[in-house]
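Below: one structure, written as C-alpha cells.
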Amino acid sequence: MSKYSIHIKQTFKLALPIAIGQVGHVMMGFVDNAVVGNLSPVNLAAASIANGFFFITMVIGIGISYALSTLVSMNQSSGDIKMQSKIFNNATVINFAVGVLLSLFNYYFSNIIGKLSQPPEVVELAIPYCRLIGLTAIPFMMFQNYRQFLEGLSIMRPAMFITLIANIVNLIANFVLVFGLYGFPKMGLMGSGYATMSARIFMALALGIFVYKNRKFAKYQLNVFKEKLDLPIIKNILRIGLGSGFQYFFEVACFVSAAYMVGWLGAKQMAAHQIALNVASLSYMVVIGISSAGAIRVSGALGAKNYAEMRDAGIGAIALAFMYMMGTSLAFVIFSSLIPRVYVHDLEVISIASQLLIIAAMFQIFDGVQATSLGVLRGINDIKIPTVITFISYWLIGLPAAYFIGFTFNFGIEGIWYGLLIGLIASAILLTDRFLRITKRMRLKTRPA
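One point on numbering: in the working numbering, the residue at position 116 of the sequence shown is 720, and numbering is uninterrupted.
And the structure:
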C-alpha cells in the first residue's frame, strides 16, 4: 500500500463522522425546502433568498469557529492540557459574541433583501423569515464551538449523532408547524423557521451537556467564567478564524449574489436554482468533512514538526476529495431528471433544475479540490494569501463571468452557473498549487543533509 493510500484511509476514517454530521446540516435544509416547496415556488424562492442572506453572514462565524479545532489539534502532540483549556475558554467567549452580533445583523439588516430587485411577493415572505432564522445564529455558533473543540481532539461521533437526532426534531416540527397538525396553527413558511430554531437550540444544548458532563473531559479546565481572557490567544483565534471566515464568505457570497441574479429572471428560475444548489450542497458538505479531517491531520503533524507527514496527509485529503466528487458528478448526470421531482411538481422548474444539475456535475470536482485545499492550508496556518486567492477567484473571475455569460451573452441561468464553474476552477488550481509549493519548501528545509 502506498503512503498516500494510507493517508487517504486515515483521513477517511476521521472524515466520515464529520461528513455525516455535515450532511445532517444540509438535510435540514433539504427537509425545509421540500416541505416549503410543496406550498408554492414563491415560498421556496423566499426561503432561498432568506437562507442565502443568513449564511452569507454565518460563514464568517463558522470560519472563526474552525480556529478552535486547528489550535487544539496543534497542541495535542505536546499534551498541553492547560493550553487546550485556555484555547477552549477564550474561543467560547468569542464564538458566543459572534453569534450575538450575527443575530443582530440578520435581524436589523434583513430589509436589504427588499433592495435587491427581487419579485415583491418573494420579498414579502423572505424578510420576516430571515429575521426569524437570524436569531438561530447564537445556538448555531455554540454548537460549532463545542463541535470544533471535540474535533480538535479527534472526537467526531457525538456531534454526528446529535445532528442526526436534530434532523428528526426538524422533520417533525416542520410538518407540525408548516401545515398546522395536532392542534398547532398553520404557519406556512414561518413554521419552517421555527422548526429550524428548535433543531438548532436542541443541538447546542445537547452537545454542550455532553462536553461539560462527560468524565472524559474532567482533566480540562472548561470554565469560561473563571478563565481570564488571554489577548495573545484571542489574537491567534481571530487571525486564523477571521481569515478562514472570509475565505468561505467570498465563496458563499459569490453564490448568493448569483442567486440574486437568478432572481432577476423569475421565481421559477430561482426555485430551480435553489433545488440544484441544495443538492450540490449535500455533496459539498461531505467534502467539508474531508477538508476538516485534512486540516486536523495536517495541523497535528505541524505541531509535531513532522513536515513530510504533514505534506503527505494534505495530498491524501485532496486526493480523497477528488475521488469522492468524481462519484457524485456521475450521480448528478444519471439522476438529473429525477432529483428535482423530490422538491416540486412544477414541470418548468423540474426542467430548469435538471439542466443545472448537469452543470453542477461539471464543477463538483473543482469544488471538492478547492475546499479541501483551503482546509489543509488552514492546517499549516497559511491564511492571508489563500484569502486573497478566494477573493480573486470568486469576485474578480467567477461572478463577473456569471454576469457576462448569463446576461451579456444571453445564456440566462445556465450562463450564470457556467460563470460559477470558472471561478471554482481558478480557486482549485491556485490553492492546490500553493499547498504543494509551501509544503515542498518546508519539507526540503528540514530534510537531513
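Ideal Cβ placement from N, Cα and C applies to all residues, glycine included.
Alpha-carbon spacing of residue i relative to residue j, whole angstroms
| i | j | result |
| --- | --- | --- |
| D636 | A908 | 44 angstroms |
| A1053 | R915 | The predicted model places A1053 with a pLDDT of 41, which falls under 50 and marks its position as unreliable, so this point remains unresolved. |
| M605 | K613 | Below a pLDDT of 50, predicted positions are generally treated as unreliable, and M605, at 47, falls in that range; no measurement from the model is reported. |
| W1021 | F1015 | 10 angstroms |
| D1037 | N679 | 27 angstroms |
| G918 | R901 | 8 angstroms |
| H877 | N778 | 22 angstroms |
| P789 | K690 | 47 angstroms |
| A857 | L881 | 14 angstroms |
| G795 | A651 | 12 angstroms |
| A875 | E952 | 10 angstroms |
| V992 | I772 | 40 angstroms |
| N985 | L842 | 12 angstroms |
| F659 | S958 | 25 angstroms |
| L708 | N715 | 13 angstroms |
| A770 | S644 | 26 angstroms |
| L1034 | Y670 | 22 angstroms |
| E728 | C734 | 11 angstroms |
| G920 | K817 | 36 angstroms |
| V815 | L705 | 24 angstroms |
| S933 | V828 | 45 angstroms |
| K1056 | I987 | What the structure shows of the chain is the stretch from 605 to 1053, and residue 1056 is not part of that stretch, so it cannot be assessed. |
| K1044 | V883 | 36 angstroms |
| Y608 | V980 | 15 angstroms |
| R1041 | Q851 | 20 angstroms |
| G784 | L793 | 12 angstroms |
| G867 | Y911 | 48 angstroms |
| R945 | F634 | 13 angstroms |
| A822 | E913 | 31 angstroms |
| H949 | S955 | 11 angstroms |
| T1012 | Q722 | 20 angstroms |
| R819 | M632 | 31 angstroms |
| M764 | L1024 | 31 angstroms |
| M745 | G845 | 13 angstroms |
| F859 | R751 | 26 angstroms |
Coarse secondary structure for residue i, derived from DSSP in three states
| i | result |
| --- | --- |
| G970 | Rather than Gly, the amino acid found at residue 970 in this sequence is Phe. Here F970 sits in helix by DSSP. |
| H949 | coil |
| P836 | helix |
| N655 | helix |
| A908 | coil |
| V828 | coil |
| L739 | coil |
| Y998 | helix |
| Q680 | coil |
| L1034 | helix |
| I759 | coil |
| F634 | helix |
| K790 | coil |
| A1053 | Summary for A1053: the model assigns pLDDT 41, below 50, so the residue's position carries little reliability, and this model does not support an answer. |
| L942 | coil |
| I813 | helix |
| I984 | coil |
| M605 | Note that M605 scores 47 on pLDDT, short of 50, meaning its location in the model is unreliable; the coordinates nonetheless yield the value given after this. In this structure, M605 counts as coil in the three-state DSSP scheme. |
| K1044 | helix |
Chain D contact for residue i (CB, 8 angstroms cutoff)
| i | result |
| --- | --- |
| L934 | The structure shown contains no chain D, having only a single protein chain. |
8 angstroms Cβ cutoff met for residue i and residue j
| i | j | result |
| --- | --- | --- |
| G983 | A899 | yes |
| I698 | I664 | no |
| Y947 | A638 | yes |
| G656 | I737 | no |
| Q974 | S1031 | yes |
| F1039 | F854 | no |
| M662 | A741 | yes |
| L811 | F747 | yes |
| S885 | V640 | no |
| F936 | I1029 | no |
| N693 | E831 | yes |
| M929 | V891 | yes |
| A871 | V702 | no |
| I1017 | G1002 | no |
| A623 | M927 | no |
| I666 | G849 | yes |
| Y824 | I685 | yes |
Whole-Å CB distance - residue i paired with residue j, under 8 angstroms assumed
| i | j | result |
| --- | --- | --- |
| I922 | S977 | 6 angstroms |
| G625 | T767 | 4 angstroms |
| T615 | L833 | Actually they are not in contact, since the Cβ atoms of T615 and L833 sit about 35 angstroms apart, beyond 8 angstroms. |
| A803 | N774 | 4 angstroms |
* Asked: Do the segment 938–952 and the segment 966–974 touch if we need at least three Cβ pairs shorter than 8 angstroms?
  -> no
* Take every Cβ of the segment 669–682, pair it with every Cβ of the segment 755–766, and state whether three or more of those distances are shorter than 8 angstroms. => yes
* To do: May I ask you to verify whether the segment 886–895 touches the segment 610–625, counting CB pairs closer than 8 angstroms and requiring at least 3?
  => yes
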